[in-house]
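Numbering (the numbering used here), first residue to last: 89 to 344.
Inspection log for the structure reproduced underneath, given as structure tokens.
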Amino acid sequence: MECYWMGIRKSLLSGRFIIAAILVFLSWCMGMTKPLPADDWFSKFMLIQGTTTTMHLMLVFSCFAGGMGFCEEYEKKYYRKIIQKKGIRCYVLGQIGSAATVTFGACMLGITGYLGVLMCIMPAPEENVLRWMSEAMFLGSWTIEHYILVALLQCLLNAVLSALVCSITMAVSAWLPHKFTVLCMPILIFFVNITLATYVLKLPGIFDWDNVFLLLVGGSKTLEVFLIKLIFNILFWMGLSAILFMYKVKERYQNE
Numbered sequence: 089m090e091c092y093w094m095g096i097r098k099s100l101l102s103g104r105f106i107i108a109a110i111l112v113f114l115s116w117c118m119g120m121t122k123p124l125p126a127d128d129w130f131s132k133f134m135l136i137q138g139t140t141t142t143m144h145l146m147l148v149f150s151c152f153a154g155g156m157g158f159c160e161e162y163e164k165k166y167y168r169k170i171i172q173k174k175g176i177r178c179y180v181l182g183q184i185g186s187a188a189t190v191t192f193g194a195c196m197l198g199i200t201g202y203l204g205v206l207m208c209i210m211p212a213p214e215e216n217v218l219r220w221m222s223e224a225m226f227l228g229s230w231t232i233e234h235y236i237l238v239a240l241l242q243c244l245l246n247a248v249l250s251a252l253v254c255s256i257t258m259a260v261s262a263w264l265p266h267k268f269t270v271l272c273m274p275i276l277i278f279f280v281n282i283t284l285a286t287y288v289l290k291l292p293g294i295f296d297w298d299n300v301f302l303l304l305v306g307g308s309k310t311l312e313v314f315l316i317k318l319i320f321n322i323l324f325w326m327g328l329s330a331i332l333f334m335y336k337v338k339e340r341y342q343n344e
């Protein structure tokens with residue numbers, strides 16, 4: 089746990105967390121300038137949610153908060169001292185966990201801040217707007233509270249997606265410990281996942297981030313299915329990232 093809190097403290101003290109949250113907020117605000125056919129804040133939010141540029145910038149900026157840890161420690165060989173003192177397992181779990189946590193927090197803060205601004209400057213949706221969606225959702229009949237809940241759930245999904253992409257980026261940084269490479273990886277990882285899962289390997293939808301995270305509330309018709317998809321992706325991708333990261337860090341520690 090000490091390595092975990094060390095990583096979080098490092099991101100907060102360096103200012104990367106606040107900078108990343110502001111950049112995520114601004115990347116979503118850029119979508120407000122586009123002439124999207126939306127008459128209320130919910131429709132505007134969901135339309136911007138589907139904008140490719142917004143999603144790409146969100147992944148890059150949010151990973152800036154937590155994805156740089158190993159690169160900085162590798163440059164100064166500081167990671168060797170931590171491993172000697174705390175052990176490689178503590179170091180790996182601390183790095184992956186703190187990177188995902190910081191990225192999740194920065195992304196969630198930036199998007200919810202944008203959502204709050206949007207709710208202040210645009211009217212609320214009328215009851216008959218998007219009524220057809222109630223048949224495909226587990227929320228039942230729609231009220232204004234349901235719109236707010238769905239918007240917050242979509243913020244949560246975006247933040248979880250950013251955290252998972254950041255954890256994989258952290259694992260890749262053990263092979264390519266360069267800051268510029270780290271900033272380029274989130275978009276590449278996102279597209280590789282969708283391409284492999286949807287077109288090449290044709291994996292079940294639970295592996296496809298586009299199906300799990302970018303459709304409204306995960307594209308799930310029941311709360312149970314939504315939670316299963318979410319928990320599975322968190323455990324699978326975080327675990328895979330930790331294994332890959334530990335393998336390469338251990339190799340570097342023994343050979344350098």
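Glycine included, C-beta positions come from ideal geometry on N, C-alpha and C.
These figures come from a predicted structure and were not determined experimentally.
Query	Result
Coarse secondary structure for L252, derived from DSSP in three states	helix
V148, enclosing alpha helix (DSSP H) - first and last residue	140 to 154
Reduced DSSP secondary structure (H/G/I, E/B, other) of F301	coil
Contact under 8 Å by Cβ, F105 with A194	yes
CB of A251 within 8 Å of CB of T191, strictly	yes
Pair within 8 Å by beta-carbon distance, K267 and M156	yes
Three or more C-beta pairs below 8 Å linking the segment 203 to 210 and the segment 162 to 177	no
Three CB pairs or more closer than 8 Å across the segment 128 to 143 and the segment 175 to 188	no
Buried/exposed call for G154, threshold 16 Cβ in 10 Å	buried
Environment of A285 [buried if 16+ CB atoms lie within 10 Å]	buried
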